[in-house]
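Just below is one structure, and these are the notes that go with it.
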Amino acid sequence: MLQALKNLQQLLKKRKESRIVGLNYIRLLCQARLRRSFASKIQTQNTMRKGAKRKVSQREDNKENSTKPDNHKEHPSKATTRSKRVKASHPESEPEYLEEPRNLEDLWKAAFPVGTEWDQLDAVYRFKWDFSNLEQAFEEGGKLFGIGNNKVYLFGGTEPQQVPFKGKLEIVYIPIVVAVVSPCPPSDKIGIKSVQRETEEIVPMKEMKMDWVPYIPLDKRDRQVVEYGRKSPQIFVLGCTQRRAALKHMKIDRLKKFDYCLPYLMPIKEEELELSTEVDILFPAEPNPPVYCVFDWQFDEVEEFADDRIKEEELSADQKDAFMEFVKEKVRQQKRENREKKEARRQAFEKMSVEAKAAFENLKYYKFYPVQKADTPDISAVKASYINRYYNKAHEVL
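Terminal number for the sequence shown in UniProt numbering: 398, no gaps in between.
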């Protein structure tokens, strides 16, 4: 019992000693902080006194300098020590003025260049072509201004030509834009025809992923198309939604169709209907190379035509009969196509309203070439009014 009491007394004594040590530590810590705080205040006061003295001395010096105008000449070293370093001023660069984009600046690019090979599209935009003449045509006094209830339908194209540029002749894909003035779309079809293709196809535009789409000028693009269409002289462009990235998965025949596309226009008058009397002949003269030629049944006679091929050693004598029969079959096929064209035109016009017929009879089309600039090739010598086999010639070239 006595031992337990002794242990308790020792424990209480130790706790008392530890409490005293802790209190002493806290007291010392507080004293150290107070000393640091007091020292920083003294230092701040000394700094402020020095600054005040410096300002007073500067004011006195300024007063002396004002009373003695030549003082800076007598004591140049003092003036030098007191003066601030002056940074060298850089010459201000002239402000750059950026041209505001014009409302119809990208109009010519919006019209898809129909019939241009896909791998040549980049070559079309190689130069910075200027179609300001097309833009000006929509301004007051222009060909496409004040057209009443009509609309303007634009389609693009390219004309590969050898033209001079920077002292050399180059093959350049020249972009052209055709503007058709009409109250309704001139056609919803596309023609597919070339020398390489034996037959001509007239297919709906949508089959080739093409259609007439409204063009919205730059200053109207923050509004809805519907709102713009209510009160504007509408412009439509022939656009194409075929993605270039998908071409690598496309079959060759389908891909080539795009190369041979031509905007189609049904002939207004029967005499304007192109009924060709020529046929393209590609005769397989095995084992020799195939015989390619053009036969015109209006001027050529079949047997004489075959004899000429034999004389030119394009055809052997034992192939004469087969060649003649091949030519006759091609002629029959072309005549059948001509009859079908006539019938299709007749039926189409019978279905037309009087207003539509009048609109077709009054169609106007204008062909636009780029304006000549210093950084673009000279195309003045290659401008032509011909558009294609369906539109024939433009009423005016601009």
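Ideal Cβ placement from N, Cα and C applies to all residues, glycine included. None of the values given here were measured: they were computed from a predicted structure.
For residue i, which option in the options has the closest C-alpha, if you only look at C-alpha atoms?
i: Gln334; options: Val294, Gln161, Lys373; result: Val294
i: Val291; options: Phe112, Trp297, Ala306, Arg336; result: Ala306
i: Pro164; options: Lys393, Glu396, Ile310, Asp378; result: Asp378
i: Met205; options: Lys193, Ser187, Arg332; result: Ser187
i: Tyr365; options: Ile252, Arg254, Ile202, Pro185; result: Pro185
i: Gln136; options: Phe127, Lys128, Gly146; result: Gly146
i: Asp296; options: Val354, Val331, Lys373, Gln162; result: Val331
i: Ile171; options: Phe323, Glu325, Arg126; result: Arg126
i: Pro242; options: Tyr260, Met208, Trp212; result: It should be pointed out that residue 242 corresponds to Gln in this sequence rather than to Pro. It is Met208.
i: Leu247; options: Gly239, Val327, Asp259, Arg336; result: Asp259
i: Lys257; options: Lys341, Pro289, Ile202; result: Ile202
i: Val382; options: Asp122, Gln161, Lys151; result: Gln161
i: Phe299; options: Val237, Asn288, Arg345, Ser276; result: Ser276
i: Trp212; options: Asp222, Lys166, Tyr264; result: Tyr264
i: Asn288; options: Glu278, Glu313, Glu304; result: Glu313
Could you have a look at residue i and say whether DSSP puts it in helix, strand or coil?
i: Ala384; result: coil
i: Tyr246; result: One point to set straight first is that residue 246 is Ala, not Tyr, in the sequence displayed. Of the three classes helix, strand and coil, the one that applies to Ala246 here is helix, per DSSP.
i: Asn362; result: coil
i: Met210; result: strand
i: Leu218; result: helix
i: Glu278; result: strand
i: Ile147; result: coil
i: Asn392; result: strand
i: Val237; result: strand
i: Lys78; result: Residue confidence is low: Lys78 scores 46 on pLDDT, short of 50, so the model does not pin down where it sits. Its coordinate-derived value is still stated next. In the structure shown, Lys78 sits in a helix (DSSP, three-state: H, G or I).
i: Leu315; result: coil
i: residue 399; result: The first residue shown for the chain is 1 and the last is 398, placing residue 399 beyond what the model contains.
i: Phe127; result: coil
i: Glu325; result: helix
i: Gln334; result: helix
i: Glu159; result: strand
i: Val114; result: coil
i: Val397; result: strand
i: Leu121; result: helix
i: Phe299; result: coil
In chain order, what residues of the same chain lie with their CB nearer than 8 Å to the CB of residue i, ignoring the 5 residues before and after it?
i: Ala348; result: Met266
i: residue 402; result: In this structure the chain extends from 1 to 398, so residue 402 is not present and cannot be described.
i: Ile310; result: Ser316, Ala317, Lys320
i: Phe323; result: Phe283, Ala285, Val291, Ala306, Arg309, Leu315
i: Leu398; result: Asn133, Leu134, Ala137, Lys143, Tyr366, Lys367, Phe368, Tyr369
Looking only at its chain, what residues have a beta carbon closer than 7 Å to the beta carbon of residue i, apart from the 5 residues adjacent to it on each side?
i: Val177; result: Trp108, Ala111, Phe131, Leu134, Leu154, Gly156, Phe368
If I measure Cβ to Cβ from residue i and keep anything under 6 Å in the same chain, skipping five residues before and after, which residues do I get?
i: Lys149; result: Looking at the sequence itself, residue 149 is Asn, so the reference to Lys does not match. Closer than 6 Å at Cβ, skipping near neighbours: Pro183.
i: Tyr386; result: Lys393
i: Thr116; result: Thr158
i: Lys143; result: Ala137, Tyr366
i: His75; result: For His75, the predicted structure reports a pLDDT of 47, less than 50, and the residue's modelled location is therefore unreliable. A value from the coordinates is still provided. Excluding positions up to five away in sequence, the list is empty.
i: Glu396; result: Tyr366
I'd like to check one pair, residue j with residue i: are the Cβ atoms closer than 8 Å?
i: Leu255; j: Arg389; result: no
i: Ile190; j: Tyr215; result: no
i: Asp375; j: Lys168; result: no
i: Val180; j: Leu363; result: yes
i: Val354; j: Lys328; result: no
The beta strand (DSSP E) that contains residue i, what's its start and end?
i: Ser182; result: 168 to 182
i: Phe295; result: 291 to 296
i: Glu200; result: Per DSSP, Glu200 belongs to no beta strand (DSSP E) and is neither H nor E.
i: Lys189; result: 189 to 192
Closer than 8 Å, CB to CB, is residue i near chain C or not?
i: Ile252; result: Absent from the structure: chain C. Only one protein chain is present.
Can you give me the start and stop residues for the alpha helix (DSSP H) that residue i sits inside?
i: Ile252; result: 252 to 259
i: Lys109; result: 107 to 110
i: Asn133; result: 132 to 136
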